[in-house]
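At position 4 of the sequence shown (counting the first as 1) the number is 48 in my numbering, and the numbers step up by one without a gap.
Reviewing the structure listed below.
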Amino acid sequence: MKKVLTIIVPCYNEEDVLPETFKELGNILINLMNRNKISRESKILFVNDGSNDSTWKLISKYSQEYSYIAGIKFTRNYGHQNALLAGMSIAVKHSDMMITIDADLQDDVNAIPEMVDKYYQGYDVVYGVRNSRKTDSFFKRNTALLFYKIMGKLGVNLVPDSADYRLLSKRATNSLLQFKERNLFLRGMVPLVGYKSTKVFYARKERFAGKSKYPLTKMLHFALDGITSFSIAPIHLILYLGLLTVLISFISMIYTLVEKALGHVTTGWSSLMISIWFLGGVQLISISVIGEYIGKIFAEVKHRPRFNIESENYSNKFQKEESEK
Ligand code: UDP
Ligand code: MG
45 MKKVLTIIVP
55 CYNEEDVLPE
65 TFKELGNILI
75 NLMNRNKISR
85 ESKILFVNDG
95 SNDSTWKLIS
105 KYSQEYSYIA
115 GIKFTRNYGH
125 QNALLAGMSI
135 AVKHSDMMIT
145 IDADLQDDVN
155 AIPEMVDKYY
165 QGYDVVYGVR
175 NSRKTDSFFK
185 RNTALLFYKI
195 MGKLGVNLVP
205 DSADYRLLSK
215 RATNSLLQFK
225 ERNLFLRGMV
235 PLVGYKSTKV
245 FYARKERFAG
255 KSKYPLTKML
265 HFALDGITSF
275 SIAPIHLILY
285 LGLLTVLISF
295 ISMIYTLVEK
305 ALGHVTTGWS
315 SLMISIWFLG
325 GVQLISISVI
335 GEYIGKIFAE
345 VKHRPRFNIE
355 SENYSNKFQK
365 EESEK
């Protein structure tokens with residue numbers, strides 16, 4: 045039996061691109077069905093993230109006309125990551141594999157059949173990776189590069205140049221849905237799920253129409269969210285800063301005492317110099333100690349699954365023994 049694919053498309057004020065997106069994704073889906081690669085039950089699921097243009101009207105129209113189109117409508121704008129998760133949480137019930145893709149056709153839809161092939165080859169996670177960012181501005185390209193570098197240094201495992209264009213199998217999606225955190229940074233969470241993964245390369249294009257829904261402020265916010273949701277390395281930085289300050293305080297103590305012995309100083313200067321540096325260092329170290337505990341609390345409240353088991357035959361053995369009895 046052929047497997048069911050759902051393509052999940054988050055949409056926020058995308059009336060300008062939607063007709064074209066609907067057409068291109070529809071062609072890909074029907075083509076896959078005709079080639080018997082996927083089940084006729086496969087669908088495209090548009091998630092309307094509180095748009096205030098005619099996005100939902102278009103989605104409703106398409107879903108009435110075509111059996112392979114479906115929609116979800118949020119009550120208000122909840123953001124791109126929440127739209128993706130909502131789409132997955134609904135699609136997972138009826139699909140064997142899910143592909144998430146932006147509505148603006150920047151990600152090459154022709155990578156979809158390749159992703160599906162990889163799924164049949166036994167991969168649970170297939171990342172869409174951009175092998176060219178020529179169409180992104182100089183600024184966006186370099187800030188993105190810097191971001192991946194910093195994340196790597198902070199110990200966060202990301203697949204460089206992959207965004208939210210990827211395929212997940214049913215079981216990988218179910219594992220992802222076990223992550224109960226509110227600050228979503230899906231591209232950081234997916235690698236944590238595990239399973240066999242691979243990449244499919246494509247060239248990123250210009251936005252087909254309309255404007256980016258990720259202005260600089262939103263992008264910075266997103267990057268900051270990524271760092272603070274995945275790493276407590278910044279807390280460790282406070283500790284290093286505190287230790288450095290205490291070290292400086294010892295050097296300044298020696299310097300101050302030498303100056304005092306030589307009689308170069310006015311009254312009160314030496315004691316002030318020594319206490320300012322020393323107290324500063326002690327305070328930073330104390331803050332970092334509190335920070336360590338906050339870091340632990342942070343990890344606990346996220347309630348991430350502790351592990352993800354791929355297969356297990358322990359229970360079967362007991363069942364067999366039971367039946368043998
Ligand atoms: N999007 C969304 N909710 C938002 C912002 C964006 O669902 O609050 C969707 C948007 O419609 C698009 C995708 O997320 O399908 C990526 O947004 P965009 O293309 O504007 O980002 P960029 O490619 O410029 O980073
Ligand atoms: Mg885009």
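Even for Gly, the Cβ is constructed at its ideal location relative to N, Cα and C.
Since this is a predicted model, take the numbers as computed values, not measurements.
Is the beta carbon of residue i within less than 8 Å of some heavy atom of ligand 1?
{"i": "residue 96", "result": "no"}
{"i": "residue 123", "result": "yes"}
{"i": "residue 174", "result": "no"}
{"i": "residue 314", "result": "no"}
{"i": "residue 227", "result": "no"}
{"i": "residue 53", "result": "yes"}
{"i": "residue 101", "result": "no"}
{"i": "residue 256", "result": "yes"}
{"i": "residue 57", "result": "yes"}
{"i": "residue 77", "result": "no"}
Just to confirm before moving on: does the CB-CB distance between residue i and residue j stay below 9 Å?
{"i": "residue 118", "j": "residue 91", "result": "yes"}
{"i": "residue 183", "j": "residue 270", "result": "no"}
{"i": "residue 214", "j": "residue 104", "result": "no"}
{"i": "residue 168", "j": "residue 239", "result": "yes"}
{"i": "residue 89", "j": "residue 116", "result": "yes"}
{"i": "residue 137", "j": "residue 82", "result": "no"}
{"i": "residue 51", "j": "residue 134", "result": "no"}
{"i": "residue 347", "j": "residue 224", "result": "yes"}
{"i": "residue 150", "j": "residue 210", "result": "no"}
{"i": "residue 338", "j": "residue 279", "result": "yes"}
{"i": "residue 129", "j": "residue 221", "result": "yes"}
{"i": "residue 241", "j": "residue 349", "result": "no"}
{"i": "residue 3", "j": "residue 107", "result": "No information on residue 3 is available, as it lies outside the stretch 45 to 369 that the chain covers here."}
{"i": "residue 262", "j": "residue 172", "result": "no"}
{"i": "residue 53", "j": "residue 131", "result": "yes"}
{"i": "residue 324", "j": "residue 289", "result": "yes"}
{"i": "residue 93", "j": "residue 254", "result": "no"}
Measure from the alpha carbon of residue i to the alpha carbon of each residue in the options, then state which is nearest.
{"i": "residue 194", "options": "267, 154 and 146", "result": "267"}
{"i": "residue 229", "options": "201, 134 and 300", "result": "201"}
{"i": "residue 174", "options": "331, 295 and 250", "result": "250"}
{"i": "residue 49", "options": "143, 128, 283 and 75", "result": "143"}
{"i": "residue 329", "options": "295, 282 and 363", "result": "282"}
{"i": "residue 186", "options": "57, 204 and 159", "result": "204"}
{"i": "residue 252", "options": "272, 217 and 153", "result": "153"}
{"i": "residue 111", "options": "98, 85, 127 and 126", "result": "85"}
{"i": "residue 333", "options": "285, 316 and 310", "result": "285"}
{"i": "residue 259", "options": "349, 181 and 344", "result": "181"}
{"i": "residue 55", "options": "75, 77, 126 and 178", "result": "126"}
{"i": "residue 163", "options": "121, 178 and 212", "result": "212"}
{"i": "residue 76", "options": "122, 246, 159 and 360", "result": "159"}
Measuring only the C-alpha atoms, how far is residue i from residue j?
{"i": "residue 113", "j": "residue 197", "result": "42 Å"}
{"i": "residue 276", "j": "residue 336", "result": "8 Å"}
{"i": "residue 312", "j": "residue 300", "result": "11 Å"}
{"i": "residue 326", "j": "residue 287", "result": "8 Å"}
{"i": "residue 206", "j": "residue 101", "result": "31 Å"}
{"i": "residue 237", "j": "residue 340", "result": "21 Å"}
{"i": "residue 355", "j": "residue 161", "result": "23 Å"}
{"i": "residue 321", "j": "residue 233", "result": "41 Å"}
{"i": "residue 227", "j": "residue 367", "result": "47 Å"}
{"i": "residue 377", "j": "residue 306", "result": "Since the first residue shown for the chain is 45 and the last is 369, residue 377 is missing from the structure and cannot be characterised."}
{"i": "residue 69", "j": "residue 352", "result": "33 Å"}
{"i": "residue 303", "j": "residue 296", "result": "10 Å"}
{"i": "residue 365", "j": "residue 165", "result": "35 Å"}
{"i": "residue 344", "j": "residue 109", "result": "47 Å"}
{"i": "residue 314", "j": "residue 342", "result": "42 Å"}
{"i": "residue 257", "j": "residue 78", "result": "35 Å"}
Verify the contact flag: residue i, CB atom, against every heavy atom of ligand 3, threshold strictly below 8 Å.
{"i": "residue 216", "result": "Ligand 3 is absent from the structure shown, which contains only ligand 1 and ligand 2."}
Report yes if the C-beta of residue i is less than 8 Å from at least one heavy atom of ligand 2; otherwise report no.
{"i": "residue 210", "result": "no"}
{"i": "residue 60", "result": "no"}
{"i": "residue 181", "result": "no"}
{"i": "residue 241", "result": "no"}
{"i": "residue 93", "result": "no"}
{"i": "residue 231", "result": "no"}
{"i": "residue 161", "result": "no"}
{"i": "residue 185", "result": "no"}
{"i": "residue 150", "result": "yes"}
Can you tell me whether residue i is buried or exposed? The criterion is at least 16 other CB atoms within 10 Å of its CB, across all chains shown.
{"i": "residue 274", "result": "buried"}
{"i": "residue 363", "result": "exposed"}
{"i": "residue 176", "result": "exposed"}
{"i": "residue 208", "result": "buried"}
{"i": "residue 189", "result": "exposed"}
{"i": "residue 87", "result": "buried"}
{"i": "residue 170", "result": "buried"}
{"i": "residue 99", "result": "buried"}
{"i": "residue 358", "result": "exposed"}
{"i": "residue 231", "result": "buried"}
{"i": "residue 45", "result": "exposed"}
{"i": "residue 217", "result": "buried"}
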